[in-house]
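Scroll down for the structure; my scribbles are underneath it.
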Amino acid sequence: MDTKIGVTRLQEDDVLMGETRRKYSREFKLEAVRMVVEQGRSVRDVAKGLGVNPGVIQRWRTDPKLCYELGLPGSSKPSVTDEEVRRLRRELATAQQEREILRKALGFFSKAKS
141 MDTKIGVTRL QEDDVLMGET RRKYSREFKL EAVRMVVEQG RSVRDVAKGL GVNPGVIQRW
201 RTDPKLCYEL GLPGSSKPSV TDEEVRRLRR ELATAQQERE ILRKALGFFS KAKS
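Here the sequence shown is numbered in the numbering used here, starting from 141 and rising by one per residue.
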C-alpha cells in the first residue's frame, strides 16, 4: 500500500474484484456443510481447509435446498423453485397468446359469414 496517498497498487498477478467467480459443485457444498454440522467443526476451520471464504459456507448452511438434502432438523422441502415459476410464466404467456389469436379469429370468421 502506498502510504503517501493511501492507495493500494495492484500487482500483475492480482485479480480485480468481480472479474472471476468460483463455482462449486453441489457435492462440494454438501460435504462442506456436512463437515460443519455432523463433525462439529467450526465454519472458519472448514473454510480454511477447503480454501473457501467462511461467509460462503455460512450461506450454504442456511440454504434451504442444501439443508433439506442433508436432512437437517427444521428444514422442509423447498416450495416452488424460481425455475418452475419461470417455466409456468412462459406457459401462461403462450396460452394467453393462443387465446387472443383464437378470439380474433372467431371475430373475423363470424363477421365474414354475416
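Every residue gets a Cβ at the ideal spot worked out from N, C-alpha and C, and that includes glycine.
Run of the alpha helix (DSSP H) containing R161, from where it starts to where it stops: Neither: R161 is in no alpha helix (DSSP H) and is coded neither H nor E.
Spell out a yes or no on whether the segment 186-200 and the segment 165-173 are touching, meaning 3 or more CB-CB pairs, one atom from each, closer than 8 Å. yes
On the three-state DSSP scale, how would you describe Q179? coil
For G195, three-class secondary structure by DSSP: helix
Taking C-alpha atoms, which residue in T221, V177, R227 lies nearest to L210? V177
If you count every other CB in all the chains shown that lies within 10 Å of the CB of K169, and 16 or more means buried, which is it? buried
For L206, the first and last residue of its enclosing alpha helix (DSSP H): 204-210
So for E240, helix, strand or coil by DSSP? helix
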